[in-house]
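2 protein chains.
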Amino acid sequence: MPTTRPGDERRRAILQRALNVATLDGLEGITLGKLATELGMSKSGVQGLFGTKQDLQLEIVAAATHVFQERVLGVAERADDGLPRLRALADAWIDYLDTFEGGCFFCAVAPEFDDRDGPVRDAIAEVAHTSDRILRKQIRLAQRLGELADDVDADQLIFEIHAAVLQANYARRLLNRPDAYDRARRAIHDRLDRARPARR
Amino acid sequence: MPTTRPGDERRRAILQRALNVATLDGLEGITLGKLATELGMSKSGVQGLFGTKQDLQLEIVAAATHVFQERVLGVAERADDGLPRLRALADAWIDYLDTFEGGCFFCAVAPEFDDRDGPVRDAIAEVAHTSDRILRKQIRLAQRLGELADDVDADQLIFEIHAAVLQANYARRLLNRPDAYDRARRAIHDRLDRARPARR
DNA sequence: CCTAGAAGCGTACGATCGTACTTGTCAATG
DNA sequence: CATTGACAAGTACGATCGTACGCTTCTAGG
């Protein structure tokens, strides 16, 4: 068995383009025909590699998840546990917002699927739950290390961190605010500073 | 001239349904045929009243803007200028998130159009700019009234308020968090408390 | 009473959608 | 060398999309 089958390169190229198209136009905005035309191949060629459209959507979400884990969770892992890791997560998360042409993939497709059922919605929500879990773990750790106050409401802190990231993507894209990322960083770091234990 | 032409009632019914569909499936997810079927009328009937699809989209955004102004800006106007008005704006804004079946209309359609050009995108962005202006005005007013500190960065405060609202809709819809609205209210009110002048 | 215009429906058109087939072409394996 | 299977292209199908046009019905204004 070769390390890469001949179709793998094509698949990667298709998924790469599909990730950008999905971030721009949504997962429903993706079309087998348009995708094939953009990549200079036939519509049935795309279909042969991915099967149905929902299969393609699921693979796109999986690919986006992989990118997110690499560019956010992976990068932040280099920082020390606890508060430094939390700050690194926030910074990497905001850096990730420029990964695709349309900004953040999950910010773009979440509103599209948040009121539906099915495996695509589940796959999208799973990423959100995963990042929540990781943030919660690091908050708990930071509390145990004395870097955050014991009475900090972890869920509230997670809520506000994620809010800043979401708004960063929103302000950057819809409102063309170049300072959106800086404001998000400031909001998060200020919030973390405030969550530190009272000096005694 | 009668107060209402005969087609007006139909138009309202169509727009009412279209607002919900757009919030669920996006402005591109709207279809003349589906809309007509749901309302028990003919496809050409809808087309005759609204013209092209883009015309319909523009009227939907206009209708959503009207609802937003009524349910958020209008409600908050009853509160006193300055800090009370700011708190009322936030509360009304969060209450408004349940207006349509899919939650917040603008949260649903903004990611869809934020990377495009054209009148629809402009109409969506205009609402965001308007609400920003109103928040800024009330922040300035609150500063002049001594309710907020003079060194408060208005744009940063606006950023964080809007972030909480956005995250409220996100957490409520995608993550099914029933406490999302309460967390957003807490985040905003805490943030406003922190922006008050230092006691002397 | 007559008439102009709006409302609404039916039909038709070309385009594009997702999906299911078939065909031809290589490369790797026995 | 023969053969199998993956890959890619081609073709076809029914459904649905947005839009255009024509017809009937109703109503308001002269």
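If you read the protein sequences in the order shown, they are chains A and B. Position 156 (the first sequence) corresponds to 1353 in my numbering; numbering is contiguous. Position 48 (the second sequence) corresponds to 1245 in my numbering; numbering is contiguous. Yeah, the Cβ is synthetic: ideal placement off N, Cα and C, and Gly gets one too.
* Asked: Quick one: which chain B residues come within Cβ less than 9 Å of Y1367 (chain A)?
  -> Among the residues of chain B, those whose CB is under 9 Å from the CB of Y1367 (chain A) are C1304, A1307, P1308, D1311, A1325, H1359, A1360 and L1363, following chain order.
* Helix, strand or coil for T1200 (chain B), going by three-state DSSP, please let me know. => Because the pLDDT at T1200 (chain B) is just 46, under 50, the model does not fix this residue reliably, and the value given afterwards should be weighed accordingly. Reduced to three states, the DSSP call for T1200 (chain B) is coil.
* **Cβ pair count under 8 Å reaching 3, the segment 1336-1344 of chain B against the segment 1348-1361 of chain A** => Judged by Cβ distances under 8 Å, the segment 1336-1344 of chain B makes no contact with the segment 1348-1361 of chain A, as fewer than three pairs qualify.
* Is it buried or exposed for N1366 (chain B), if we count other Cβ within 10 angstroms and need 16 for buried? -> N1366 (chain B) should be labelled buried.
* Using a C-beta cutoff of 8 Å, does Q1335 (chain B) count as contacting chain A? -> Closer than 8 Å: no.
* Report all residues from its chain with a CB closer than 7 Å to the CB of L1236 (chain B); omit the five preceding and five following residues, and keep chain order. => Taken in chain order, the residues that qualify are A1210, I1211 and R1214.
* Per-residue DSSP class, three states only, for G1242 (chain B) -> The DSSP-derived three-state label of G1242 (chain B) is helix.
* With which residues is F1297 (chain B) paired in a DSSP beta bridge? -> B:G1300, per the DSSP bridge assignment.
* State the Cα-Cα distance for the pair A1322 (chain A) and R1268 (chain A), rounded to the nearest angstrom. => Roughly 19 Å separates the two Cα atoms.
* Under 8 Å between the Cβ atoms of Q1266 (chain B) and V1317 (chain B)? -> Cβ distance not < 8 Å, so Q1266 (chain B) and V1317 (chain B) don't count as in contact.
* Answer with yes or no whether the minimum CB distance from R1383 (chain B) to chain A is below 8 Å. => For R1383 (chain B), at least one C-beta of chain A is nearer than 8 Å to its own C-beta.
* **Same chain, Cβ closer than 8 Å to I1355 (chain B), neighbours up to 5 away in sequence not counted** => Within the same chain, and ignoring the five residues on either side of I1355 (chain B) in sequence, the residues whose Cβ sits closer than 8 Å to its Cβ are D1329, L1332, R1333 and I1336.
* Asked: Mind checking if G1226 (chain A) is an interface residue toward chain B, Cβ cutoff 8 Å exclusive?
  -> So yes, G1226 (chain A) belongs to the interface.
* To do: Please determine, among A:A1368, A:P1394, A:D1252 and A:I1358, the residue with the shortest C-alpha to C-alpha distance to R1284 (chain A).
  => The closest CA to that of R1284 (chain A), considering only A:A1368, A:P1394, A:D1252 and A:I1358, is found on A:I1358.
* Asked: Taking Cβ positions only, does Q1353 (chain B) come closer than 8 Å to chain A?
  -> Against chain A, the CB of Q1353 (chain B) has a partner CB under 8 Å away; the residue lies at that interface.
* Leaving out five residues before and five after T1296 (chain A) in sequence, what residues of the same chain have Cβ atoms less than 7 Å from its Cβ? -> If we look at T1296 (chain A) and ignore the five residues flanking it on each side, its Cβ neighbours are V1264 and R1268.
* Asked: Looking at C-alpha atoms only, which residue of A:R1369, A:T1234, A:L1229 and A:D1312 is the closest neighbour of L1246 (chain A)?
  -> The option with the nearest alpha carbon to L1246 (chain A) is A:L1229.
* Is F1310 (chain A) near A1261 (chain A), with beta carbons less than 8 Å apart? -> No, these two residues do not count as a Cβ contact at 8 Å.
* **Beta carbon of A1368 (chain B) nearer than 8 Å to that of A1360 (chain B)** => In this structure, A1360 (chain B) does not lie closer than 8 Å to A1368 (chain B) by Cβ.
* Asked: Is P1394 (chain A) helix, strand or coil by DSSP?
  -> Looking at P1394 (chain A) - three-state DSSP - the assignment turns out to be coil, as it is neither helix nor strand.
* To do: Report the rounded CA-to-CA distance for A1381 (chain B) versus Q1244 (chain A), giving the unit in angstroms.
  => Using only the alpha carbons, I get a separation of about 43 Å.
* **Collapsed DSSP secondary structure at A1276 (chain A) in the structure displayed** => Coil at A1276 (chain A), not helix or strand.
* Where does A1305 (chain A) fall in DSSP's three states? -> It is helical.
* Asked: Taking the alpha-carbon positions, what's the W1290 (chain B) to R1383 (chain B) distance?
  -> Near 14 Å, if we compare the C-alpha coordinates of R1383 (chain B) and W1290 (chain B).
* Asked: Tell me which same chain residues have a C-beta within less than 6 Å of the C-beta of T1200 (chain A), skipping the five on either side of it?
  -> With a pLDDT of 45 at T1200 (chain A), under the threshold of 50, the predicted position of this residue should be treated as unreliable, though the coordinate-derived value follows. Short of 6 Å from the beta carbon of T1200 (chain A), and not among the five residues preceding or following it, lies no beta carbon of its own chain.
* Proximity winner among B:E1274, B:L1338 and B:L1270, relative to T1327 (chain B) (alpha-carbon distances) -> The residue with the shortest Cα to Cα distance from T1327 (chain B) is B:L1270.
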